[in-house]
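Here is the structure we will look at, set down as structure tokens.
Residue numbers (my numbering): 1 to 75.
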């Protein structure tokens with residue numbers, strides 16, 4: 001005889017270990033994080049790479065361009 005498993009839908013599915021509270025204002029939290037990141041980039045002197053499509057004749061030329069693009073600015 002084949003055994004049939006019966007699922008009790010009234011039983012909770014699992015154990016809750018912790019609860020995550022949603023931020024009150026998620027946009028304010030994201031803005032604060034973006035300001036922090038901008039300050040870190042400004043203080044360290046690093047820049048992000050320029051956007052766009054760039055064509056190079058060799059991988060070495062592309063690597064040199066990348067190193068010069070993301071290195072800290074010298075004041």
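Using N, Cα and C, we set each Cβ at its ideal position, and we do this for glycine too.
Asked, Found
"Indicate the three-state DSSP secondary structure (helix, strand or coil) for residue 20 in the structure shown.", "coil"
"DSSP three-state call for residue 32: helix, strand or coil?", "helix"
"Indicate the three-state DSSP secondary structure (helix, strand or coil) for residue 51 in the structure shown.", "coil"
"Starting from residue 68, trace the alpha helix (DSSP H) both ways and give me its first and last residue.", "59-70"
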